[in-house]
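Heads up, the thing below is written out as structure tokens.
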Amino acid sequence: MKKTILFTMALIFTGIACTFGQDKEAAKADKPKSQADMANNLYLSYGVGTFLYYIDNEECKANTTNGTFILGFSRSLIPVIAVGFQLSYTNIGRTGTFYDYNNVSYNSTSYDINMSDNLWQGIASIRFQYLNKPSFCMYSGVGLGVVMDYFEKTKADGGVFVSKGQKIFPSAQLTLLGFRFGRAISFYGEFGIGTNSVLNLGISYKFGEY
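Count along the sequence shown starting at 1, add 17, and that's the number in this note's numbering.
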């Protein structure tokens with residue numbers, strides 16, 4: 018009789034434990050996942066204030082730009098450090114005066130030109146995520162890379178072709194303050210200085226685990 022009672026009680030306690038475990042797992046599954054637990058970050062943004070806008074090129078002054086479009090990916094190695102890579106595109110229109118020197122007389126002729134710079138950047142970056150909450154993140158970062166400039170010059174009076182070509186030079190971006198609101202899908206923004214932008218805003222999607 019005692020064995021029967023003990024066996025019955027053991028079955029009851031086992032059933033309660035299983036039920037409690039299932040409820041705990043269900044509650045865990047229903048809980049939104051923390052952005053800090055997701056390692057991969059894919060983001061797209063638009064930025065303004067590239068340092069390249071203020072650099073003169075052959076006495077041409079930058080006067081128009083469509084801003085910078087940025088596509089990037091990063092992966093968190095540990096909760097506070099992430100490494101990644103980003104690509105960006107910027108178009109800058111320039112106007113100015115071009116001087117054509119005569120090698121024999123050392124005299125020069127000049128004419129107004131329009132110049133279009135199509136700038137493609139590739140930057141490797143590292144990010145320090147010093148505040149990493151379930152739905153909010155703050156960070157700083159630094160990146161180094163290269164810029165490929167595809168340029169074309171035309172005369173201002175009629176658009177007659179002058180020259181075109183490409184050149185490559187270093188690029189860098191310092192993120193002084195970055196923030197991210199959300200979990201898997203979120204809004205994010207960055208303030209800094211460099212060849213990408215001073216301020217950029219966009220959307221971010223996090224996925225995967227460490």
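We treat Cβ as the ideally placed atom computed from N, Cα and C, and that holds for glycine. Remember, predicted model here, so these are calculated numbers, not experimental data.
Counted as a single uninterrupted DSSP element, the beta strand (DSSP E) harbouring residue 168 occupies residues 153 to 172. Taking one beta carbon from each stretch, the segment 199 to 206 and the segment 155 to 170 have fewer than 3 pairs nearer than 8 Å; the two do not touch. Excluding residues up to 5 positions away in sequence, 62, 63, 206 lie with their Cβ nearer than 7 Å to the Cβ of residue 218 in the same chain. In the three-state scheme derived from DSSP, where H, G and I count as helix and E and B as strand, residue 71 is classed as helix. Contact annotation: the segment 106 to 113 does not touch the segment 149 to 162, with fewer than three C-beta pairs closer than 8 Å.
For residue 204 and residue 59, the gap between their C-alpha atoms comes out near 12 Å. Counting only the Cα atoms, residue 171 lies some 52 Å from residue 226. Around residue 155, the same chain offers 148, 196 as residues with beta carbons nearer than 6 Å, after the five sequence neighbours per side are excluded.
Residue 65 has its alpha-carbon roughly 17 Å from the corresponding atom of residue 139. Under the DSSP assignment, residue 62 falls in the beta strand (DSSP E) whose first and last residues are 57 to 65. When the alpha-carbon of residue 144 is set against those of 93, 51, 185, the nearest one is in 93. In this chain, residue 213 is not harboured by any beta strand (DSSP E), its DSSP state being neither H nor E. Counting every other CB atom within 10 Å of its CB across the protein chains shown gives residue 182 a total below 16, marking it as exposed.
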